């Protein structure tokens, strides 16, 4: 199956209503005879904060992580930065676009892209007139 990655737009190019970093999540892609599985690491996301769209053969994954607020404490130093995730892929006609499924668990997004049935050859009967 042909999949091409497209780079996420940088925050400078993207129109945003808030000033946040945009991360490109690392992705592993596995292919079997009848399906392709895409696994994206998006720490901190849950099912409500992930959005997946398919438009004109472009599969786009976005996700948002909000910073944790600890009541009664103020942050004096932080090495972990949160923000938005964005990644896009071009998918071929080999994918059955109506049967794509997605799950998320512990910040790992798993997309299952089943392959479409190939057009089957069939015999066309010829009749005499």
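Numbering (the numbering used here), first residue to last: 12 to 140. Note that beta-carbon positions come from the ideal geometry of N, C-alpha and C, so glycine has one too. On a predicted model such as this, the values are computed, not experimentally measured, just so you know.
- Annotation: the continuous beta strand (DSSP E) that includes residue 102 extends over 95-102.
- For the 8 Å CB-CB criterion, residue 70 and residue 100 form a contact.
- In the DSSP assignment, residue 42 falls within the unbroken beta strand (DSSP E) covering 38-42.
- Judged by pairs of C-beta atoms under 8 Å, the segment 36-46 does not touch the segment 76-90, as fewer than three such pairs exist.
- Selection 110, 117 and 63 evaluated against residue 97 yields 63 as nearest (Cα-Cα).
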